[in-house]
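Novice:
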Amino acid sequence: RLYALIVNQSDEDMWLGIGAAAVVNQGIWLKAAGGFYEINWTNLYTGVINGIHAGAGNKIVTVMEGD
Numbered sequence: 087r088l089y090a091l092i093v094n095q096s097d098e099d100m101w102l103g104i105g106a107a108a109v110v111n112q113g114i115w116l117k118a119a120g121g122f123y124e125i126n127w128t129n130l131y132t133g134v135i136n137g138i139h140a141g142a143g144n145k146i147v148t149v150m151e152g153d
């Protein structure tokens, strides 16, 4: 991928782990209800991205990738 957009659609904050396990309150923070992280040519990364939240149940994250 040459581009990715990850958007937190949920009611809880989330955190991303880039190439590592995601840990609450560490890594890249995605604020609830619209927080996002964008990967593009300035910070290109093509490996595994993990996510976690501290709330109960499942949450919604939208991911768009491009090349």
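Residues 87 to 153 (our numbering) are what the sequence shown spells out, left to right.
Here a beta-carbon is modelled for each residue, glycine too, at the ideal position from N, C-alpha and C.
(1) Using CA atoms only, rank isn't needed, just tell me which of G141, L102, S96 is closest to I135.
(2) Between H139, E151, D153, G152, which has its C-alpha nearest Q95's C-alpha?
(3) How about T128 and R87: are their beta carbons less than 7 Å apart?
(4) Does the Cβ of M150 have 16 or more other Cβ atoms within 10 Å, making it buried, or fewer, making it exposed?
(5) Identify whether I125 lies in helix, strand or coil by the three-state DSSP scheme.
(6) Which one of V109, L91, D153 has the shortest CA to CA distance from G121?
(7) How big is the Cα-Cα spacing for A119 and N111?
Specialist: On the basis of the supplied data:
(1) Checking every option, the nearest Cα to that of I135 belongs to L102.
(2) Nearest of H139, E151, D153, G152 to Q95, Cα basis: H139.
(3) It is not a contact, given that the beta carbons lie outside the stated cut-off.
(4) By the neighbour-count criterion, in which a residue is buried when 16 or more other Cβ atoms sit within 10 angstroms of its Cβ, M150 is exposed.
(5) Residue state, collapsed to three classes: strand.
(6) Distances from the alpha-carbon of G121 to those of V109, L91, D153 put L91 closest.
(7) So the alpha carbons of these two residues sit roughly 17 Å apart.
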